[in-house]
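Student: The structure follows.
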Amino acid sequence: MGDKSKLKILIVCFYFPPFNVAGALRLGRIAQHLSEFGHDIKVIAANNTCEDRSLQFESTLDVRFVNWIDTNSIPKRIIGGQGKTSEITQNDVSHLSTSKKILLNLSKLYKSITNIPDGYAYFAFSALKEAKKISATWKPDIIYSSALPASVALAGHLISNKLKVKWICEFRDLWTTNHYYSFPKWRHVIDKRLEKHVLSNCSSFVTVSEPLADDIRQRFPDKKSEVILNGADVESLSKININKANNNEKKKRLLNIVYTGTLYKGKRDPSKLFKAIANLSKDREIPVNVNFYGKDNTLYINKLAKEFKIEKYVNCYGSVPYLKALSVQRNADLLLLLLWESEKESGVFTGKFFEYIAARRPILAIGHDSNVAINMINKKGLGKALNNVKDI
C-alpha cells in the first residue's frame with residue numbers, strides 16, 4: 016500500500032440503495048462518506064431486494080449487485096404470494112381458517128428446517144464468488160459486513176477466510192439474541208453454535224446502541240465492540256419543502272399524526288393510541304387523522320381501526336417512495352413511534368427514529384421505558400413517551 020491511512024474496504028451487505036429497504040440508507044451513506052474520506056470502496060450487495068428503487072443519491076461507488084435465491088419462495092407460492100403471506104401473518108391465528116392454520120404451521124416448520132441461518136443463505140455464496148472475482152485485481156485491506164440478514168455475517172466469514180483479510184462485522188440487529196427471534200428451542204441451539212463458528216474469525220464488531228454492544232461484549236469478550244448510531248439523511252432532507260399554513264388554516268385543519276414504516280402485531284402496535292381516540296370520540300367529533308405509510312400495514316390497521324370503531328380517523332397509504340416518506344414526516348403535526356413494550360427491545364434505535372428527529376416534529380412514542388429511543392426523547396425533550404391510554 017502507499018498511504019497507510021487510506022484503506023481498500025470491501026463492504027458486504029444485503030440492502031443497499033437504490034432499493035428502499037430498512038438498513039440500505041445506512042450502508043449507502045457509510046460507503047459514500049468513507050469514499051469521500053479518501054478510502055477505496057467496493058460494495059457487494061443483493062440485487063432486487065424490493066420493487067421500490069426510490070432511494071437515489073449521487074454516487075460514483077463501485078457497487079456489485081449479486082443475484083440470490085429466496086429459500087422461502089416455495090411456501091410463499093403455496094400460500095398464494097407475498098400478499099397472502101402478509102394477510103396470514105397479520106391476523107390472529109384464532110381467526111384463520113383451518114386450511115390457513117395448516118399452511119402457517121407447515122410454513123413455520125419449513126423455515127425452521129431450511130432457513131439456516133435464514134432464507135438468504137444463497138446470497139453468502141454469491142457474495143463469496145463476486146469477492147473472489149474482485150480480488151483477482153483488487154485485494155481489500157478490510158471487510159466490513161452489515162447484518163441482518165445473518166447470511167451477510169456468513170458471507171463476511173467466508174470471504175475473510177478465503178482472502179485472508181481482517182473482517183469487521185456490523186449487527187444493526189442481533190442474530191441469536193434478537194428480540195424478534197422466532198425459531199423453536201432446538202433450532203436456537205443450532206443457531207447459537209453456527210453464530211459462534213461464523214463469528215470466530217471476526218476481528219471486531221459494530222452495532223447501533225450501547226445495550227446491543229453490551230450484549231455482544233458479554234458473549235464475545237475477547238473481541239472489541241463499538242457503537243455507530245443510526246442517523247438522518249441530511250442531504251435528502253434539504254430537498255424537502257414544508258407546507259406552511261396560515262393561522263386560519265391551522266384552526267380549521269385536523270391534527271395530522273403520521274407513522275412511517277412497518278408494523279408488527281403485538282410488538283409495534285397502535286392499539287393504545289386507537290383506544291385513546293375511541294374514548295375521546297365517543298360523544299363528539301375530534302379533529303385528528305392518523306396516517307400510516309408503509310408496506311403490508313393496510314390489512315392490519317384497517318381491521319384494528321374497525322375494532323375500535325375509529326375508521327374515519329385512520330388512513331393507510333401503503334408503501335411510498337423515500338423522499339415522499341421524508342416529506343410526510345416533515346409536514347406532520349405529530350410523529351408516531353411504536354416500540355415493543357418489552358425490555359427485550361431496550362437497545363433498538365430504528366433508522367426511522369433519527370429521521371423523525373431530523374423532521375423537527377414532536378414525537379409521540381409508545382413503548383417500554385427501558386428503550387434507548389424513549390430515554391433520548393425524554394432526555395432531549397423531543398416529544399412525549401406515554402404508555403397509559405388516559406395519558407395519550
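For the sequence shown, my numbering begins at 16 and goes up steadily by one. Using N, Cα and C, we set each Cβ at its ideal position, and we do this for glycine too.
Start and end of the alpha helix (DSSP H) containing F138?
Tutor: Stepping through the sequence shown from its first residue, residue 138 is reached at position 123. From DSSP, the alpha helix (DSSP H) with F138 extends over A136 to S150.
Student: As a quick exercise: from L397, E145, V180 and K239, pick the residue whose alpha carbon is nearest that of D77.
Tutor: On the sequence shown, position 62 is the one that residue 77 refers to. With distances taken between Cα atoms, D77 lies closest to E145.
Student: Would you check if the stretch 320-335 and the stretch 291-307 touch, i.e. whether three or more CB-CB distances between them fall below 8 Å?
Tutor: yes
Student: For E185, does the three-state DSSP call read helix, strand or coil?
Tutor: In the sequence shown, residue 185 corresponds to position 170, counting from 1. Note: E185 maps to strand in three-state DSSP.
Student: Taking F80 as part of the beta strand (DSSP E), name the residues at either end of that continuous run.
Tutor: Translated into positions along the sequence shown, residue 80 becomes position 65. First-last of the beta strand (DSSP E) with F80: D77 to V81.
Student: Report the CB separation of L244 from V221 in whole angstroms; it is logged as a contact under 8 Å.
Tutor: Mapped onto the sequence shown, residue 244 falls at position 229. Mapped onto the sequence shown, residue 221 falls at position 206. Their Cβ separation, rounded to whole angstroms, is 11 Å, which puts L244 and V221 out of contact at 8 Å.
Student: Please confirm if the stretch 77-93 is in contact with the stretch 176-190, defined as three or more CB-CB distances below 8 Å between the two stretches.
Tutor: no
Student: Compare the Cα-Cα distances from I149 to each of I26, F72 and F369 and report the closest residue.
Tutor: Counting from 1 along the sequence shown, the entry for residue 149 is found at position 134. Of the candidates I26, F72 and F369, the one whose C-alpha sits nearest the C-alpha of I149 is I26.
Student: Does the beta-carbon of H172 have 16 or more other beta-carbons within 10 angstroms, so that it is buried, or is it exposed?
Tutor: Within the sequence shown, numbered from 1, the residue matching residue 172 stands at position 157. Looking at its Cβ environment, which holds 16 or more other Cβ atoms inside 10 Å, H172 is buried.
Student: Between the Cα of E360 and the Cα atoms of L351, H383, K116 and A373, which residue gives the shortest distance?
Tutor: Here residue 360 is taken as the residue at index 345 of the sequence shown, counted from 1. When only C-alpha atoms are compared, the closest one is H383.
Student: Once you ignore the five residues that flank P33 on each side, which residues in its own chain have a CB closer than 6 Å to its CB?
Tutor: Start at 1 with the first residue of the sequence shown, and residue 33 comes out as number 18. Closer than 6 Å at the Cβ level, and outside the excluded window around P33, lie R68, L70 and Q71.
Student: Please check the pair H194 and W355, which I expect to be a contact at CB under 8 Å, by giving their CB distance rounded to whole angstroms.
Tutor: Reading the sequence shown from its first residue, position 179 is the one you call residue 194. Reading the sequence shown from its first residue, position 340 is the one you call residue 355. Correct: roughly 7 Å between the Cβ atoms.
Student: Suppose you measure from the CA of T365 to the CA of F80; what does that come to, to the nearest Å?
Tutor: One-based indexing of the sequence shown puts residue 365 at position 350. One-based indexing of the sequence shown puts residue 80 at position 65. Approximately 25 Å, taken between the alpha carbons.
Student: Considering Cα atoms alone, identify which of K367, F369, I292 and K23 is closest to T152.
Tutor: On the sequence shown, position 137 is the one that residue 152 refers to. Of the candidates K367, F369, I292 and K23, the one whose C-alpha sits nearest the C-alpha of T152 is K23.
Student: Assuming R345 contacts I255 (C-beta within less than 8 Å), just tell me the rounded distance between them.
Tutor: Against the sequence shown, residue 345 aligns to sequence position 330. Against the sequence shown, residue 255 aligns to sequence position 240. That belief holds up - the Cβ atoms of R345 and I255 are roughly 5 Å apart, short of 8 Å.
Student: What do you reckon, are the CB atoms on A400 and I389 nearer than 7 Å?
Tutor: As a working mapping, residue 400 is identified with position 385 in the sequence shown. As a working mapping, residue 389 is identified with position 374 in the sequence shown. Yes, the Cβ-Cβ distance between A400 and I389 is below 7 Å.
Student: If I follow the unbroken alpha helix (DSSP H) through G398, where does it start and stop?
Tutor: One-based indexing of the sequence shown puts residue 398 at position 383. Residue range G398 to A400 is occupied by the beta strand (DSSP E) that includes G398, with no alpha helix (DSSP H) assigned at that position.
Student: Given that a residue counts as buried once 16 or more other Cβ atoms are within 10 Å of its Cβ, and exposed if not, what is T277?
Tutor: The residue labelled residue 277 in the question sits at position 262 within the sequence shown. That one is exposed.
Student: Any idea if V343 is buried or exposed, counting beta-carbon neighbours within 10 angstroms, 16 or more meaning buried?
Tutor: Position 328 of the sequence shown, counting from 1, holds the residue named residue 343. With 16 or more other Cβ atoms within 10 Å, it is buried.
Student: Determine, using beta carbons only, whether E210 and W190 come nearer to each other than 7 Å.
Tutor: Position 195 of the sequence shown, counted from the first residue, corresponds to residue 210. Position 175 of the sequence shown, counted from the first residue, corresponds to residue 190. Closer than 7 Å, so yes.
Student: Would F52 be called buried (16 or more neighbouring beta carbons within 10 Å of its own) or exposed?
Tutor: Position 37 of the sequence shown holds residue 52. By the Cβ neighbour-count rule, F52 is exposed, with fewer than 16 other Cβ atoms within 10 Å of its own.
Student: Out of C184, T192, S253 and V249, which has the shortest C-alpha to C-alpha gap to E15?
Tutor: With the chain represented from 16 up to 407, any question about residue 15 goes unanswered, as that position is not in the structure.
Student: Measure the Cβ-Cβ separation of S219 and K238 and say whether it is below 7 Å.
Tutor: The sequence position of residue 219 within the sequence shown is 204, counting from 1. The sequence position of residue 238 within the sequence shown is 223, counting from 1. Their beta carbons are under 7 Å apart, which means S219 touches K238 by this criterion.
Student: Please report the straight-line C-alpha distance between F29 and A60, rounded to a whole angstrom.
Tutor: Translated into positions along the sequence shown, residue 29 becomes position 14. Translated into positions along the sequence shown, residue 60 becomes position 45. About 5 Å.
Student: Looking at the structure shown, is S69 part of a helix, part of a strand, or coil, going by DSSP?
Tutor: Position 54 of the sequence shown, counted from the first residue, corresponds to residue 69. Reduced to three states, the DSSP call for S69 is coil.
Student: Going by DSSP, what residue range makes up the alpha helix (DSSP H) through F369?
Tutor: Residue mapping note: residue 369 aligns to position 354 of the sequence shown, counting from 1. Start and end: G366 to A374.
Student: Exposed or buried, which one is S122 when buried takes at least 16 other CB atoms within 10 Å?
Tutor: To locate residue 122, count along the sequence shown from 1; it is residue 107. Buried, by the Cβ-count rule.
Student: For T113, which of helix, strand or coil comes out of DSSP?
Tutor: Residue mapping note: residue 113 aligns to position 98 of the sequence shown, counting from 1. If DSSP states are grouped into helix, strand and coil, T113 belongs with the helices.
Student: Suppose the cutoff is 7 Å on Cβ atoms and the five residues either side in sequence are ignored; what does the same chain contact list for K207 look like?
Tutor: In the sequence shown, counting from the first residue as 1, residue 207 sits at position 192. Sequence-distant partners of K207 (beyond 5 residues in either direction) whose C-beta falls short of 7 Å from its own C-beta, in its chain, are T191.
Student: Let me make sure I understand the geometry here. Which of V213, V329, S385 and V303 has the alpha-carbon closest to that of K318?
Tutor: Counted from its first residue, the sequence shown places residue 318 at position 303. For K318, the nearest C-alpha among the options comes from V329.
Student: Looking only at DSSP bridge pairs, what is E241 linked to?
Tutor: Here the question's residue 241 lines up with position 226 in the sequence shown. Partner(s): V221.
Student: Rounded to whole angstroms, what's the CA-CA distance from L408 to L270? Just pull it up for me.
Tutor: Residue numbering for the chain in the displayed model covers 16 to 407; residue 408 lies beyond these limits and cannot be assessed.
Student: Might you give, ordered along the chain, the residues of its own chain that have their beta carbon closer than 8 Å to the beta carbon of E250, omitting 5 neighbours on each side?
Tutor: The residue labelled residue 250 in the question sits at position 235 within the sequence shown. Cβ neighbours of E250 beyond the five flanking positions: F72.
Student: Terminal residues of the continuous alpha helix (DSSP H) containing V249?
Tutor: Walking along the sequence shown from the start, residue 249 turns up at place 234. Note, V249: alpha helix (DSSP H), V249 to L252.
Student: Here's the rule: buried if 16 or more other CB atoms are within 10 angstroms of the residue's CB, otherwise exposed. What is N262?
Tutor: Here the question's residue 262 lines up with position 247 in the sequence shown. Legend: pLDDT at N262 = 43, less than 50; position of this residue unreliable, value from coordinates given subsequently. Only exposed fits N262, as fewer than 16 other CB atoms lie within 10 angstroms of its CB.
Student: Within a Cβ cutoff of 6 Å, which residues of the same chain sit near M16, ignoring the five residues on either side of it in sequence?
Tutor: Mapped onto the sequence shown, residue 16 falls at position 1. Its pLDDT being 44, under 50, M16 is placed unreliably in this model, and the coordinates cannot settle the point.
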